[in-house]
Amino acid sequence: MRRFRWQLIAAAGTAVVALVVILAVALTGPGVPTAEPAGAAAPVPTTTAEPAPETTSAGAGELPARPLPPARPGRLEIPSIDVRTEPIIDLGLEPDGALEVPEDAVTTGWFTQSPTPGEAGPAIIAAHVDYRNVPGMFHRLHELRPGAEATVHREDGTSVVFTVTAVERYPKAEFPTERVYGNTEGPELRLITCGGAFNRAEGEYLDNVVAYARMTGTHRATK
987 MRRFRWQLIA
997 AAGTAVVALV
1007 VILAVALTGP
1017 GVPTAEPAGA
1027 AAPVPTTTAE
1037 PAPETTSAGA
1047 GELPARPLPP
1057 ARPGRLEIPS
1067 IDVRTEPIID
1077 LGLEPDGALE
1087 VPEDAVTTGW
1097 FTQSPTPGEA
1107 GPAIIAAHVD
1117 YRNVPGMFHR
1127 LHELRPGAEA
1137 TVHREDGTSV
1147 VFTVTAVERY
1157 PKAEFPTERV
1167 YGNTEGPELR
1177 LITCGGAFNR
1187 AEGEYLDNVV
1197 AYARMTGTHR
1207 ATK
């Protein structure tokens, strides 16, 4: 299974596990790709791209929603970027501490050591930006804007609505571990993929794209 090469550390003073990005992953197949990855930027430039500035939606200062009991995520919908995916697979850890990732372009995965969507804290869902020259489920993640909604349909029949508050891009070496994985006052969601320029020599992207969202509603799931 291909991997985001992330190393686990304990978040000081919290029960949430934090992750430190230690090396990018090539999301287009092993080794140097034979063709430019779908949707990727030009080959790696001589300077690192600047991270996208943080933006927040109106109402970001409202009180956090009341957390839900745990329930595994089953489906994810993000209408504004045409994401509709099921099932959401479980992502665990490789023996070396690297996080597993989906083995194809169209599957999303939930990191099982993060909260389930709707619980207090940041639930982590990851997917490819592309894979073996096929656009990945999160190839348009960078297009999300504050105010967009992402709905996670849980296996207990509850649909949890999250509203995007920010979408940011970080160079791998400057990944803000505590901001992304640290505890939060209420239920939140992190959607993560790779992005930025593609380094053909190393077969990897230089950056991570992270969408931040907070829970703003629930309803009974419908197909």
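Residue numbering for the sequence shown follows the numbering used here, starting at 987 and increasing by one per position.
We put the CB at the ideal spot given by N, CA and C, even for glycine.
8 Å Cβ cutoff met for residue i and residue j
i, j, result
"residue 1202", "residue 1149", "yes"
"residue 1138", "residue 1103", "yes"
"residue 1128", "residue 1165", "no"
"residue 1100", "residue 1106", "no"
"residue 1161", "residue 1194", "yes"
"residue 1126", "residue 1057", "no"
"residue 1087", "residue 1079", "no"
"residue 1163", "residue 1124", "no"
"residue 1060", "residue 1074", "yes"
"residue 1062", "residue 1071", "yes"
Residue range of the unbroken alpha helix (DSSP H) whose run includes residue i
i, result
"residue 1164", "1163-1167"
Residue i, enclosing beta strand (DSSP E) - first and last residue
i, result
"residue 1194", "1190-1206"
"residue 1111", "1107-1112"
"residue 1076", "1074-1077"
"residue 1176", "1173-1185"
"residue 1147", "1144-1157"
"residue 1067", "Counting along the chain, residue 1067 falls outside any beta strand (DSSP E), and DSSP gives it neither H nor E."
"residue 1138", "1135-1140"
Opposing strand residues paired with residue i [DSSP bridges]
i, result
"residue 1097", "1077"
"residue 1121", "1116"
"residue 1071", "1062"
"residue 1103", "1105"
Legend entry - Cβ contact (3+ pairs, closer than 8 Å) linking the stretch 1162-1176 and the stretch 1196-1203: The answer is yes - the stretch 1196-1203 touches the stretch 1162-1176, with three or more Cβ pairs under 8 Å.
Legend entry - the stretch 1059-1073 contacting the stretch 1122-1138, beta-carbon criterion three pairs below 8 Å: Yes, the stretch 1059-1073 touches the stretch 1122-1138.
Inset, instruction - Count the C-beta pairs between the stretch 1091-1101 and the stretch 1112-1123 that are closer than 8 Å, then say yes if the count reaches three, no if not. - result: Here the stretch 1091-1101 lies against the stretch 1112-1123, with 3 or more beta-carbon pairs under 8 Å apart.
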